[in-house]
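Participant:
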Amino acid sequence: MDKAKTGALIAAARKEKDMTQKELAAALHVSDRAVSKWERGAGFPDISLLEPLADALGLGVLDLLRGERTEEEPEITVRQALTFLARQARERTRRRWSQILGGTFALLMASFILFAILDRAGVFLQEITLEVPATVYNAEGTPAGKTAVTIDGTVCILGDRSFVGRFAIDAVEPTCREGVEAQIRWDAMWEGAQDILFYRAGDFLSLGVERMLYMTESMQSFGLRLEDGTIIATDEAYVPLLMSGYYYSIRPSFSNQF
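Residue numbers (the UniProt record's numbering): 1 to 258.
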């Protein structure tokens with residue numbers, strides 16, 4: 001096939017039909033730039049367009065393939081061949097998409113399986129054991145003594161960060177009882193809002209500790225308030241925040257965080 005000859009034939013036949021490039025393009029549902037490209041010999045019509053293009057220009061399909069008019073041609077045979085080739089092209093496209101989709105699905109399944117294996121192996125869990133010193137403040141915000149908090153559990157580092165395990169405050173005896181554990185979330189009810197819930201054997205407990213608290217992700221810096229107004233904090237900067245009566249969605253970072 002000679003692109004230049006075919007392009008010249010398309011241009012001549014279009015002009016004989018008194019059609020513009022835009023009109024021909026509209027009849028074929030392509031852009032006028034595609035028609036211009038064909039006529040300049042810079043491209044060749046897709047095989048699926050040869051039959052409608054020939055009909056629009058009053059040419060035979062073989063005319064387009066040869067780039068010149070012929071007096072006689074086995075037009076029916078040619079059109080049947082083109083239909084067969086176009087059907088093959090469509091089937092090949094469908095098969096290619098099926099392969100792509102099948103490969104994507106297999107990749108997703110492999111990813112889910114890998115995630116399940118890693119999750120089961122505890123890759124996304126981090127063991128943590130700490131004993132953190134803290135200060136006890138009375139309801140007026142005045143230092144009233146010292147205490148320590150024993151932290152022993154597991155931090156989930158995938159997705160929304162959370163802790164499950166012992167969070168025993170020496171100054172709050174109920175939190176130190178056997179079987180009592182805590183769940184701490186760093187993005188609880190909204191982003192940046194930390195909360196703590198105590199429980200035992202699946203039942204949540206009310207141990208006199210308010211739900212909202214401030215805690216860095218290292219768990220070495222935190223501040224919380226008891227229901228009687230007492231404050232337990234590792235840094236005095238938490239005291240005015242906890243006394244304000246309003247919870248600020250922040251993640252504090254103090255010198256003893258690391």
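By construction, the Cβ of each residue, glycine as well, lies at the ideal position given by its N, Cα and C atoms. A quick note: this is a predicted structure, and the numbers were derived from the prediction, not measured.
(1) What first and last residue would you give for the alpha helix (DSSP H) that runs through threonine 6?
(2) So leucine 213 and aspartate 195 are in contact, right, with Cβ under 8 Å, and what is the actual spacing, rounded?
(3) Ignoring anything shorter than 4 residues or poking outside the segment 133 to 163, list the alpha helix (DSSP H) runs there in chain order.
(4) Have a look at serine 162 and leucine 205 and give me their C-alpha separation to the nearest angstrom.
(5) For the segment 232 to 241 against the segment 184 to 198, are there 3 or more C-beta pairs whose distance is under 8 Å?
(6) From what residue to what residue does the alpha helix (DSSP H) around valine 209 run?
(7) Please return the same chain residues whose Cβ sits closer than 6 Å to the Cβ of proline 174, not counting the five positions on each side in sequence.
(8) Between arginine 185 and the rest of its own chain, which residues show a CB-CB distance below 6 Å, the 5 nearest in sequence each way excluded?
(9) Taking all protein chains shown into account, decide if methionine 219 is buried (16 or more other Cβ within 10 angstroms of its Cβ) or exposed.
(10) Can you tell me whether glutamate 16 is buried or exposed? The criterion is at least 16 other CB atoms within 10 Å of its CB, across all chains shown.
(11) May I have the straight-line CA-CA distance separating leucine 107 from alanine 34, to the nearest angstrom?
(12) Less than 8 Å separating the beta-carbons of alanine 54 and leucine 24?
(13) Does tyrosine 248 get closer than 8 Å to chain B when you measure Cβ to Cβ?
(14) Does DSSP put glycine 103 in a helix, a strand or coil?
(15) Report back the beta-carbon spacing between glycine 41 and glycine 7 to the nearest angstrom; my notes put them in contact at under 8 Å.
(16) What residues in its chain sit with their C-beta under 7 Å from that of glutamate 127, if we drop five residues either side in the sequence?
(17) Considering only their Cβ atoms, is the gap separating aspartate 228 from alanine 134 smaller than 8 Å?
(18) Taking tyrosine 247 and alanine 193 to be in contact with their CB atoms under 8 Å, please state how far apart those CB atoms are, rounded to whole angstroms.
(19) Report all residues from its chain with a CB closer than 7 Å to the CB of threonine 70; omit the five preceding and five following residues, and keep chain order.
(20) Taking the alpha-carbon positions, what's the threonine 142 to serine 221 distance?
(21) Span of the alpha helix (DSSP H) holding arginine 33?
(22) Out of Asp160, Leu65 and Leu226, state which residue places its alpha-carbon closest to the alpha-carbon of glutamate 191.
(23) Over the uninterrupted alpha helix (DSSP H) stretch that includes tyrosine 238, give me the two end residues.
(24) With DSSP run on the structure shown, which of helix, strand or coil describes arginine 177?
(25) Check whether the Cβ atoms of aspartate 170 and alanine 144 sit closer than 8 Å, and answer yes or no.
(26) Write down the C-beta distance between alanine 11 and glutamate 39 rounded to the nearest angstrom, noting that I regard them as a contact closer than 8 Å.
Facilitator: For this structure:
(1) 3 to 16
(2) 7 Å
(3) none
(4) 18 Å
(5) Not touching, per the Cβ criterion.
(6) Valine 209: not part of any alpha helix (DSSP H); member of the beta strand (DSSP E) spanning 209 to 215, first to last residue.
(7) Leu207
(8) Within the same chain, Ser162 and Asp195 come within 6 Å of arginine 185 by CB-CB distance, once the 5 residues on both sides are set aside.
(9) buried
(10) exposed
(11) Computed Cα separation, rounded: 38 Å.
(12) No; because the gap between Cβ atoms is not below 8 Å, this pair is not in contact.
(13) The displayed structure is made up of one protein chain only, and chain B is not part of it.
(14) helix
(15) Yes, glycine 41 and glycine 7 are in contact; Cβ-Cβ is about 4 Å, under 8 Å.
(16) Thr154
(17) no
(18) 7 Å
(19) Gly60, Leu62 and Asp63
(20) 19 Å
(21) 32 to 39
(22) Asp160
(23) 238 to 243
(24) Coil, per DSSP.
(25) Not closer than 8 Å, so no.
(26) Contact annotation, alanine 11 with glutamate 39: C-beta distance approximately 4 Å; criterion of less than 8 Å satisfied.
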